[in-house]
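Chains as they are written, first to last, in our numbering: chain G, -9 to 630; chain B, 1390 to 1776.
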């Protein structure tokens, strides 16, 4: 382009030409074009795409805050609260407000201030980033000083805030650990599963006990608050509010005072032993209501929510008695002689024997194969009928009626029919109690043995099953449930731990009705025979359970001494668990129970006195004398 | 008096007042609720605008050629002030851009823009026959590079770049060769790797953010994104004055200065933004028209320089608001909060008015009323004082 302007065509008279007219016009044109482009862009933004930006503006200002409901409480039978939601400081983070380049130092600072591990914080942050505008809880229950420090250092900790939230505090955590369980953060591998149920990753959930089994009902329903906020996250006003629905409250069938006393009774007896361990379960035969459930050693629920020292925690984990496990429902043991009633009832019902049929017991039964099966009494019991066999716990009698006798040609009940009877008493399946982690136990059959041990079933297996030895595995709760059924006239009840659920106003939301799981396939007459046998076991001079005799009521029950494979003692005997199971009063029983002293030796010495103390307590409401003050006391270190 | 008023270029004045009014209106919606009287930014701006307009009218009656005599001293004064601000300026937000003289905050870079335009206009007008020579072009570039360099050091990259744009417009109209105009661009491209190396982090960040604003929504890109949301959500007529969640809830930051246009977009919608753009266009076109009608090259170049300054700032600022330009921290002339900028711009408008009122004759002559709009060469009968 020419640089000099042409001489102007329309020059005014003599007006000197100023150069650059064309170029100035060009500049004007360029400016107009540029501004037209801006106008076009404004059209695009404000007309064409306006709706999108309106939405974004609305999203900008509206924050949705989920309000977690207060967790429902748990009461004992007398409406005494067993747990409280105690206020604590917790640390929250809104991921959107934390620039990613500051993540590292902020997480490191928080780890120091909260005592959480950096990896855990990072995991939570990664979860929280899925919903970056929603605050997520990074640490629960930080000390007051840490909370204040975090508040002071908000400038260094963008997005971090301190709120009060709640922590479970268990008023009787030390005696109810196995029943109440505890709450805690969701294990990383279960976060997804809980998310699908609408449970946020940063919530505490029930991890054991009733807290776990009733998780969904205790939790309640989230509330939601929609807020208009400014750019700095300050809430200006509420757009909408849906209140959270407080979780339901549970009322247990257990009473604190009874649980405490019964736990104490067991503890006193176990204290006589080195590293004593045992379990007690007490039921109401009519309803299946749990009165007491004790597994010792146990733990205090509070150490999980309050935080325990690592030493005490390590002790719990490393203790070979496994205190974290509720052995009343999760522990599997051979039931020993407490199981004999099953073979007895089966033999009666199947007509293997008549009640008055006598079988000779000379202390040992040697099969043609050469295998010998001993009675616990080396000289034998002589001729015994069914009731004496129960009362005196004669093994030989039950070998005969279950597996038969090749010499007398007595046709026994046989493995298959025995197993059926075992199952009808509720063995080999969960009782359905409202607690997590219940074991189902094992009713051994030839099929089971073939499949799992690749060995054929032999007569000896039937013998062992009949006396609750060998492959049989039961839980104390199953045994208590069996004796409850015998005591109540034949109904196997589902053990009831939850009596009712209450809504937030304390009104009954649901009453958990007693539930009959099955009815024993035993005639009233035969059941009566069993009951009498159990009565005689305790109350007749030759019975095995005289130490269960109570001064306040009549007890019916059965001892058990269940050998298990382990190191033999000096006399070559296998170690054994001591059992006593029964009910009281013998007529119209109010309580059924199972007592287990693990590695306790003889049931009649180790377990029966515990049952007596428990019955005494339940009948009088007073603590019985210390075991060593009883006239019939025999120290556990003196074995027969 | 009437005659004097009649010599004023009213389209320029009206568009100027309209733009200032937009600014006052916007500032009034963000003012602290309990700031009364002179505490209120909007009131401050209005008062300052009245003072500035008075200065502009006064300027209109001074022959702009008087500036020929003071161009050198003003320029040197500006350079001295720029050096001073680098040495003793207030350190604020990572930069030294102003200092305080009593209660008044002085931002030398604003005054330097006008001073440099005057100096460059004089330099080029004095050399009507050598504008095609590389030597003149390079030397003229030097006039701009010195203040731009000082301002770059503050650091204030955006304002420094404005000098380049002004230079290009003025040298172009002065008649330089086309490829000479590309000189600073070539120099810039060659210098880019070094500049990138020495650039402040915020500058690099701005550049990257311009390329992809959503890359870091809470960081540097936040403002760009929020500005776009503000403007877009305004729709046809906006949410109304003082309404709109983006500006009222402060999602939109630096809304009084860099992003005042976005606030306007939210509150008054397309009607408001196009209105403002229209007044800017009018003002710029009028400036060029005044330049075209100027009696001499000095006046023309002054007007072109001022037009270039107004256009570049407005385009860069609005472009940044709508996401077409990178974030440079350039404010919207006359509209944004910024007292130095407002005063200097109004004085520059005064210079335009002076060029207009002195386009043909000595003051107080009848001829100046014989304007025929749209005729570029009907500037009236010749007067003395031709070049």
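Positions of the beta carbon are idealized from the N, C-alpha and C atoms, including for glycine. A quick note: this is a predicted structure, and the numbers were derived from the prediction, not measured.
Would you please verify whether the beta carbon of residue i is less than 9 Å from any beta carbon of chain B?
i	result
residue 217 of chain G	no
residue 18 of chain G	yes
residue 486 of chain G	no
residue 36 of chain G	yes
residue 150 of chain G	no
residue 265 of chain G	no
residue 241 of chain G	no
residue 10 of chain G	yes
residue 21 of chain G	yes
Is the CB of residue i under 9 Å away from at least one CB in chain G?
i	result
residue 1702 of chain B	no
residue 1586 of chain B	no
residue 1625 of chain B	yes
residue 1561 of chain B	yes
residue 1533 of chain B	no
residue 1670 of chain B	yes
residue 1440 of chain B	no
residue 1537 of chain B	no
residue 1696 of chain B	yes
residue 1619 of chain B	yes
residue 1517 of chain B	yes
residue 1604 of chain B	Reliability fails at residue 1604 of chain B, whose pLDDT of 45 lies under 50, so the model's placement of it is uncertain and no value is given.
residue 1407 of chain B	no
residue 1398 of chain B	no
residue 1455 of chain B	no
residue 1601 of chain B	For residue 1601 of chain B, the predicted structure reports a pLDDT of 49, less than 50, and the residue's modelled location is therefore unreliable. A value from the coordinates is still provided. No, its Cβ sits nowhere closer than 9 Å to a Cβ of chain G.
residue 1765 of chain B	Any reading at residue 1765 of chain B is ruled out, since the residue's pLDDT is 40, under 50, leaving its predicted position unreliable.
Does DSSP put residue i in a helix, a strand or coil?
i	result
residue 548 of chain G	strand
residue 1512 of chain B	helix
residue 553 of chain G	strand
residue 77 of chain G	strand
residue 588 of chain G	strand
residue 279 of chain G	strand
residue 562 of chain G	coil
residue 1701 of chain B	helix
residue 1569 of chain B	helix
residue 1751 of chain B	With a pLDDT of only 43 at residue 1751 of chain B, under 50, the local geometry of the prediction cannot be trusted, and no value is derived from it.
residue 644 of chain G	The structure shown does not extend to residue 644 of chain G, since chain G is modelled only from -9 through 630, so no value can be given for it.
residue 1606 of chain B	Note on residue 1606 of chain B: pLDDT 47, under 50, position unreliable in the model; no value is reported.
residue 1695 of chain B	helix
Starting from residue i and walking both ways along the beta strand (DSSP E), at which residues does that stretch end?
i	result
residue 271 of chain G	267 to 273
residue 364 of chain G	362 to 364
residue 159 of chain G	150 to 160
residue 1736 of chain B	Segment 1728 to 1746 is the alpha helix (DSSP H) holding residue 1736 of chain B; no beta strand (DSSP E) there.
residue 1662 of chain B	Premise fails: residue 1662 of chain B lies in the alpha helix (DSSP H), 1649 to 1682, not in any beta strand (DSSP E).
residue 491 of chain G	488 to 492
residue 483 of chain G	481 to 483
If you follow the alpha helix (DSSP H) that residue i is part of, which residue opens it and which one closes it?
i	result
residue 1463 of chain B	1455 to 1477
residue 468 of chain G	466 to 477
residue 24 of chain G	11 to 33
residue 1397 of chain B	Note, residue 1397 of chain B: premise wrong, no alpha helix (DSSP H); not H, not E.
residue 398 of chain G	Premise fails: residue 398 of chain G is in no alpha helix (DSSP H) and is neither H nor E.
Closer than 9 Å, CB to CB, is residue i near chain A or not?
i	result
residue 1662 of chain B	The structure shown contains no chain A; the protein chains it does contain are G and B.
Problem set entry | alpha helix (DSSP H) segments (min. 4 residues) lying fully within the segment 497 to 542 of chain G | Counting only runs of 4 or more, we get 514 to 529.
Exercise. Fully enclosed by the segment 292 to 327 of chain G, which alpha helix (DSSP H) runs are 4 residues long or longer?
Worked result: The qualifying runs are 292 to 296, 300 to 308.
For this session: Compile a chain-ordered list of the residues in the segment 24 to 53 of chain G whose CB is closer than 8 Å to at least one CB of chain B.
Result: Against chain B - using a Cβ distance shorter than 8 Å - the residues of the segment 24 to 53 of chain G are 24, 25, 27, 28, 29, 31, 32, 33, 35, 36, 37, 39, 40, 42, 43, 44, 46, 47, 48, 50, 51.
For this session: Output the residue ranges of the alpha helix (DSSP H) runs that lie fully inside the segment 409 to 444 of chain G and measure 4 residues or longer, sorted by chain position.
Result: Entirely contained in the segment 409 to 444 of chain G, the alpha helix (DSSP H) runs reaching 4 residues are, in chain order, 436 to 443.
For this session: Please list the segments of the beta strand (DSSP E) lying wholly inside the segment 154 to 208 of chain G, counting only runs of 3 or more residues, in order along the chain.
Result: With a minimum length of 3 residues, the unbroken runs of beta strand (DSSP E) contained wholly in the segment 154 to 208 of chain G fall at 172 to 175, 194 to 198.
Problem set entry | Contacting positions in the segment 1683 to 1694 of chain B - beta carbon closer than 9 Å to chain G | Listed in sequence order: 1683, 1684, 1685, 1686, 1688, 1689, 1690, 1692, 1693.
Problem set entry | Residues in the segment 1727 to 1741 of chain B having any Cβ partner in chain G nearer than 8 Å | In summary, no residue of the segment 1727 to 1741 of chain B has a CB separated from any CB of chain G by less than 8 Å.
Exercise. When Cβ atoms are compared, which residues of the segment 1563 to 1575 of chain B fall closer than 7 Å to chain G?
Worked result: Cβ contacts with chain G: 1563, 1564, 1566, 1567.
Exercise. Where are the alpha helix (DSSP H) runs, 4 residues long or more, that stay fully inside the segment 226 to 267 of chain G, in chain order?
Worked result: As far as the segment 226 to 267 of chain G is concerned, its whole alpha helix (DSSP H) runs of at least 4 residues are 246 to 261.
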